[in-house]
Amino acid sequence: MSDDHTRERAAPTPGNSPAAKDVRYLLHPYTNAVKHAERGPLIMERGKGVWVTDDAGKRYIEGMAGLWCTSLGFGEERLIEAAVRQMRDLPYYHLFAHKSHNPAIELAERLIEMAPHSADGPMDKVFYGNSGSEANDTAIKLIWYYNNARGRPEKRKILSRIQGYHGVTVATASLTGLPANHKDFNLPIADILHTGSPHHYFQAEEGESEEDFATRRAEELDQMIEAEGPETVAAMFAEPVMGAGGVIVPPATYFEKIQKVLKKHDVLLLADEVICGFGRTGNMFGCETFGIKPDMVSVAKALSSAYLPISATMISKEIADTVAANSGKIGTFGHGYTYSGHPVAAAVAVETLKIYEERDMIGHVRTVAPAMQNGLRERFAGHPLVGEVRGVGLIGAVQLVADKETREPFEAAQGVALKCADFAHEHGLVVRPLPGDAVAFSPPLVISEEEIDEMLDRFARALDDTAAWLAKAAA
Ligand code: PMP
Numbered sequence: 013m014s015d016d017h018t019r020e021r022a023a024p025t026p027g028n029s030p031a032a033k034d035v036r037y038l039l040h041p042y043t044n045a046v047k048h049a050e051r052g053p054l055i056m057e058r059g060k061g062v063w064v065t066d067d068a069g070k071r072y073i074e075g076m077a078g079l080w081c082t083s084l085g086f087g088e089e090r091l092i093e094a095a096v097r098q099m100r101d102l103p104y105y106h107l108f109a110h111k112s113h114n115p116a117i118e119l120a121e122r123l124i125e126m127a128p129h130s131a132d133g134p135m136d137k138v139f140y141g142n143s144g145s146e147a148n149d150t151a152i153k154l155i156w157y158y159n160n161a162r163g164r165p166e167k168r169k170i171l172s173r174i175q176g177y178h179g180v181t182v183a184t185a186s187l188t189g190l191p192a193n194h195k196d197f198n199l200p201i202a203d204i205l206h207t208g209s210p211h212h213y214f215q216a217e218e219g220e221s222e223e224d225f226a227t228r229r230a231e232e233l234d235q236m237i238e239a240e241g242p243e244t245v246a247a248m249f250a251e252p253v254m255g256a257g258g259v260i261v262p263p264a265t266y267f268e269k270i271q272k273v274l275k276k277h278d279v280l281l282l283a284d285e286v287i288c289g290f291g292r293t294g295n296m297f298g299c300e301t302f303g304i305k306p307d308m309v310s311v312a313k314a315l316s317s318a319y320l321p322i323s324a325t326m327i328s329k330e331i332a333d334t335v336a337a338n339s340g341k342i343g344t345f346g347h348g349y350t351y352s353g354h355p356v357a358a359a360v361a362v363e364t365l366k367i368y369e370e371r372d373m374i375g376h377v378r379t380v381a382p383a384m385q386n387g388l389r390e391r392f393a394g395h396p397l398v399g400e401v402r403g404v405g406l407i408g409a410v411q412l413v414a415d416k417e418t419r420e421p422f423e424a425a426q427g428v429a430l431k432c433a434d435f436a437h438e439h440g441l442v443v444r445p446l447p448g449d450a451v452a453f454s455p456p457l458v459i460s461e462e463e464i465d466e467m468l469d470r471f472a473r474a475l476d477d478t479a480a481w482l483a484k485a486a487a
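The working numbering numbers the first residue of the sequence shown as 13 and each following residue consecutively.
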């Protein structure tokens, strides 16, 4: 590669700065690569508590806990020490072919003890992965394996919801109900069905109550399963609160009605607790907040406070027993990742769960959540750009709209939420723009009321800057 060529691609930052090298060498996840070459990266260097510091020394409140995940904030020494200890003792071992190690065993026991229950009792077995995508991908394979074992191979279609987010592997991106995850990837694959999103604000009909809207969504689900043939529909995946699709809190009675339909047709329910799990909604799991009795549960992110990658798929006794018997018949359960239950990640996860318990993290979330939920509503619901403020516990979103009365959204091409997030960055706050121009908040669970106030102060400035920017563009 000639020097000239290198320079040309390293815009906007010439030379060998980290920013220039970033642009030259990295393909970023979820990033417009053309824009990235123009604007370059925001490089973070360190973090402490809810604060992160970039390479210019500027401090930000991490209003998103990274990607909804660093629940205990940055610089938690106990997690660092747990990793170092495990690195010394046994930095790697696997779980294939009857091998095991104590961190994986201890974590599995803790997870089963705390996990949401199915209608028939507690979860029975844990299978480890490294990401939320892998946990859900594993779940899809388990569902197929289970139904094949039960002699009903045609029962294989998997349902999810428009705006749902379940990952980016070939199968889980297919379940994810967002256009950007399908376009030009040859997705979704076959046997995936998408049913309507539970977003009352945008999708309810004129005057339709939350309950009536929930009834309508459940009836649509029932009709879809009937039309496909219940003998072909295996499972539904659902996040208790939809995260990346817009922080959509289910309308009253929604899960009660959805679960009735699934039960009627013998369709399994997987609760995707990748964001909601471990306190985010004010209970240990979103399932508790919304009365969900799942057959399978996936967790990741806050499982290790994101200090190391680890995820888990938990399954009911009925599924576990059937899968186990089938592995006996075939000779093995032919699935597993090199790093399934990686001992260092598992040790950090065990320590994370201990900290949640010792510090009563749920109690803390319940204490501080009103400052965020009420603060967001009191301060921003009346703002001319804000159509809806929604959320529960320490997850929330401010919905930006072009017209408050008619609920008309902005043109996607305007990138209003993205601009708002950029202004927030200028004011030292990291928030996340979501598709459909919502701005999400999901701070570390350890955030204090004072830090929540500071977060909202900074967001207020960003929102006013956004209004001024829009007014200027319209002038
Ligand atoms: N499920 C949900 C609900 C998620 O929010 C995410 C990630 N944001 C995933 C699955 C996928 O997790 P990962 O990015 O770790 O693969």
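For glycine and all other residues, C-beta sits at the position ideal for the given N, C-alpha and C.
- Fewer than three pairs of CB atoms, one per stretch, sit closer than 8 Å, so the region 32-45 makes no contact with the region 208-227.
- When Ala324, Thr379, Asp132 are compared, the shortest CA-CA separation from Ile464 is found for Thr379.
- Restricting attention to Asp307, Ala68, Ala472, the CA atom closest to the CA of Arg389 is found in Ala472.
- Under the DSSP definition of a beta bridge, Val245 partners with Lys169.
- With a threshold of 7 Å, the Cβ atom of Val309 does not count as near the ligand PMP, since no heavy atom of the ligand is closer than that.
- By the neighbour-count criterion, in which 16 or more other beta carbons inside 10 Å mark a residue as buried, His212 falls on the buried side.
- Exclusion of the five residues before and after Val64 leaves Met56, Tyr72, Glu74 as the residues of its chain whose Cβ lies within less than 6 Å of its Cβ.
- In this structure, Arg228 sits away from Tyr266, with a CB-CB distance that is not shorter than 8 Å.
- Ranked by how close their Cα comes to the Cα of Thr334, the residues Ala131, Asp149, His106, Gly163 have Gly163 in first place.
- Closest in C-alpha terms to His178, from the list Ile374, Phe249, Leu281, comes Phe249.
- In this structure, Leu154 lies near Thr325, with their beta-carbon atoms less than 8 Å apart.
- Annotation for Met99: Val356 place their beta carbon closer than 8 Å to its own, counting only its chain and skipping 5 residues before and after.
- Taking a cut-off of 8 Å for Cβ pairs, the region 448-465 and the region 366-384 touch, as three or more such pairs fall below it.
- Distances between the C-beta of Val286 and the heavy atoms of the ligand PMP include at least one below 7 Å.
- For the set Thr301, Glu369, Glu166, Ile331, the Cα lying nearest the Cα of Met135 is the one of Ile331.
- Glu300 and Pro128 have their C-alpha atoms roughly 7 Å apart.
- Taking all protein chains in view, the Cβ of Ala239 is surrounded by fewer than 16 other Cβ atoms within 10 Å, so the residue is classified as exposed.
- Straight-line measurement puts the Cα of Ala109 at about 44 Å from the Cα of Val442.
- Fully contained in the region 130-209 are the following beta strand (DSSP E) runs of length 3 or more, in chain order: 135-141, 169-173, 204-207.
- Residue burial is scored here from C-beta neighbours: Gln235 has fewer than 16 other C-beta atoms within 10 angstroms and is therefore classed as exposed.
- When the five nearest sequence neighbours on each side are left out, the beta carbons in the same chain lying within less than 6 Å of the beta carbon of Tyr319 are those of Leu91, Val360, in order along the chain.
- Secondary structure at Arg58: strand, using DSSP grouped into helix, strand and coil.
- The residue from Ser186, Leu475, Gly375, Phe139 with its alpha-carbon nearest to that of Met308 is Phe139.
- For Met326, the enclosing beta strand (DSSP E) has its first and last residue at 323-328.
- In the three-state reduction of the DSSP assignment, Arg473 falls in the helix class.
- Per DSSP, the unbroken alpha helix (DSSP H) holding Thr364 starts and ends at 355-370.
- Per DSSP, the beta bridge partners of Thr65 are Arg58, Arg71.
- In this model, Lys195 and Ser186 are separated by some 11 Å (Cα to Cα).
- With respect to the 8 Å criterion, Leu280 and Ala336 are not classified as neighbours on the basis of their beta carbons.
- Taking the Cβ of His178 as the reference point, at least one heavy atom of the ligand PMP falls within a distance shorter than 7 Å.
- If you check the CB distance, Val259 and Ile407 come in under 8 Å.
- Under the criterion of beta carbons closer than 8 Å, Ala358 and Leu119 qualify as touching, at roughly 5 Å.
- In the three-state reduction of the DSSP assignment, Leu274 falls in the helix class, which pools H, G and I.
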